[in-house]
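Here's the structure we're looking at; comments come further down.
2 protein chains.
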Amino acid sequence: VHPPPIQRLVTELGKLPGIGARTAQRLAFHILRSDDADALGLADAIREVKSQIGLCEVCFNLADGPRCRMCQDERRDGALICVVEEPQDVIPIERTHEFRGRYHVLGGALSPIDGVDPDDLKIAELLVRVEEGEVREVVLATNPTTTGEATALHIGEALRQRAPEVAVTRLASGLPVGADLEYADEVTLGKALAGRRAL
Amino acid sequence: VHPPPIQRLVTELGKLPGIGARTAQRLAFHILRSDDADALGLADAIREVKSQIGLCEVCFNLADGPRCRMCQDERRDGALICVVEEPQDVIPIERTHEFRGRYHVLGGALSPIDGVDPDDLKIAELLVRVEEGEVREVVLATNPTTTGEATALHIGEALRQRAPEVAVTRLASGLPVGADLEYADEVTLGKALAGRRAL
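Residue numbers (the working numbering), protein chains in the order written: chain P, 270 to 468; chain X, 270 to 468.
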């Protein structure tokens, strides 16, 4: 029924997570109805994000230059590193205003079933960073899930061997097990940060 | 927290209907993670649809050329015209396989409160089309809502004056009042079409 360009847009929208066929069609007709500035604004924003956003050369967070905002901020404590799975996990931690150190983004969590090994994550880069820098403490803020815990244990063990003088901590319990860090509320996550325990 | 290009993408995605701030952020990170081909495929599909899709010069349905697919199809009955509010209303009617005539897309429904007058819809074009063509019957398939009914009554009256020999019908009851034609199931809508009544 649809001309091919509309069908193509419905197909592309349907590839987005949580967007089913009906929603994709509804969004496509919305885009068709909206004025050119709005529709092309979205197209341009997608192009821009793909061309301008890369990974920070220090911490592997998303960045619109060689280094992310947090790694450029000289007022942040470079001796304190918070390790997270994904770039979006940085956002709720920043919202707590409890953390003024730097970050290290692993790019996922260890999961042998899904074929994610230590080599697939930025773990070696973290070890080098801790060994070479004046690091006092590493906070392991991976998700409180099976894969997140396994990742924290693996990194904790590696840090104990390679940099035994560095304190390694884990977010305090308080986060519901099985939850996703990305959706935690500020108060709970703030408490979990304040009460972080030695691994 | 976000670099400006990411913030811009979150803002643009949040303009889509039914996409809140959290969902917009989730979609933005999905786009950041996905490979360039998929992300740019969506951007291109948006550009393509805005540059290639216009309104059919006959029936004002969406078309990727001067005339839509239904107006180009010589096997369809040009003496039978189904009048709908929006282009997306054509899809569920086609899915019933009960209708082999042509369409006329009004571009909305009469709504004095929202400032939608007869001049804002393709009503004059419908009257010319009925007067000039060999039209036998006009099926008024506007939504079974207050504005859709008002639109049907207005067009029915105009057709009785300008083309009294043409039969004017309305979709049969069977559709729940207050519903949206776009989301009707095929069976209900097929019955409504088959049992259409004189206005």
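Here a beta-carbon is modelled for each residue, glycine too, at the ideal position from N, C-alpha and C.
| Check | Outcome |
| --- | --- |
| Nearest-angstrom beta carbon gap, P/L409 and P/V437 [assumed within contact, 8 Å] | 7 Å |
| Any 3 or more C-beta pairs closer than 8 Å across the segment 333-346 of chain P and the segment 382-394 of chain P | no |
| Short CB-CB distance (under 8 Å) between X/D307 and chain P | yes |
| The segment 365-377 of chain P touching the segment 345-356 of chain P, judged by at least three CB pairs closer than 8 Å | yes |
| Under 8 Å from the C-beta of P/F298: neighbouring residues of chain X | E355, P356, Q357 |
| Three-state secondary structure (DSSP) of X/P377 | Note that residue 377 of chain X corresponds to Gly in the displayed sequence, not to Pro. The answer is coil: DSSP assigns X/G377 none of H, G, I, E or B. |
| Best match in P/R431, P/D358, P/V359 for proximity to P/I392 [C-alpha to C-alpha] | P/R431 |
| Three-pair Cβ contact test at 8 Å for the segment 354-364 of chain P versus the segment 449-462 of chain P | yes |
| Closer than 8 Å at the beta carbon, the chain X residues around P/P274 | A314, E317, V318, Q321, I322, D333 |
| Status (buried if at least 16 other CB within 10 Å, exposed otherwise) for P/E281 | buried |
| For X/D383, the first and last residue of its enclosing beta strand (DSSP E) | Taken as a continuous stretch (DSSP letters only), X/D383 belongs to no beta strand (DSSP E), as it is neither H nor E. |
| Under 8 Å from the C-beta of X/E363: neighbouring residues of chain P | V270 |
| Beta-carbon gap between X/L278 and P/I315 smaller than 8 Å | yes |
| Extent of the continuous beta strand (DSSP E) run through X/V407 | 406-409 |
| Chain X contact residues for P/G310, given Cβ-Cβ distances below 7 Å | E281 |
| Own chain residues within Cβ distance below 8 Å of X/N412, not counting five before or after | E354, D358, A378, A448, D449, L450 |
| Three-state class that DSSP yields for P/I362 in the structure shown | helix |
| Separation of P/H271 from P/G402, as counted between CA atoms | 58 Å |
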